[in-house]
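Take -9 as the starting number for the sequence shown in my numbering and just add one per residue. See below for the structure under consideration.
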Amino acid sequence: MKRNLLFGLMTLLMCGMYSCKSNQPVYQKPDTGKITVAPESTLTNKYWKLVELMGEPVVYPEGAANTAYISFKPDGSVNGNLGCNTFSGSYTLKEGFRISFSKLANTQKMCLDMNIETKLVQVLQTADNYNLNGNQLILNRARMAPLARFEVVYM
-9 MKRNLLFGLM TLLMCGMYSC KSNQPVYQKP DTGKITVAPE STLTNKYWKL VELMGEPVVY
51 PEGAANTAYI SFKPDGSVNG NLGCNTFSGS YTLKEGFRIS FSKLANTQKM CLDMNIETKL
111 VQVLQTADNY NLNGNQLILN RARMAPLARF EVVYM
């Protein structure tokens, strides 16, 4: 009787532990075998507003209808606003905070000032890594100065 009770409690405990298991993706380093939680979990499902581009602060005109932003989804899709036109595509994260964007497409409305849009499209095409620093996302190319800096906006 005690044996069956102990077996039942152990089974219940194991089921409880399994149900608490995180669904976050993990990376396993082949050389060390060390497993870490993927940085994707801190990147996705957030609204990242563009605040700096190519080392210059982004200033939005007063009364501007749109601000440039980027949003990452857990399924590997990305979308956002370039300042006037919207865009969508895919992203891939790799070990070491590396990132690549692909299949990017954007609307083609003619806007009064295309400067931010043109530069942001270039950034998305050339960025190969990123940093997360508190509420900031920084897109980089190799070891150059940051290409773009975003701040998370909580709704």
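Backbone N, C-alpha and C fix where the C-beta goes; we use that ideal spot for every residue, glycine too.
Contact between the segment 81 to 88 and the segment 41 to 51 is not established, with fewer than three Cβ pairs separated by less than 8 Å. According to the DSSP assignment, residue 109 belongs to no beta strand (DSSP E) but to the alpha helix (DSSP H) extending over 105 to 116.
Counting the other Cβ atoms within 10 Å of the Cβ of residue 130 gives 16 or more, which makes it buried. Residue 109 and residue 120 have their C-alpha atoms spaced approximately 17 Å apart. Annotation: residue 98 is outside any beta strand (DSSP E) and is labelled neither H nor E by DSSP.
Residue 96 counts as buried, since no fewer than 16 other beta carbons sit within 10 angstroms of its beta carbon.
At least 8 Å separates the beta-carbon of residue 65 from that of residue 90.
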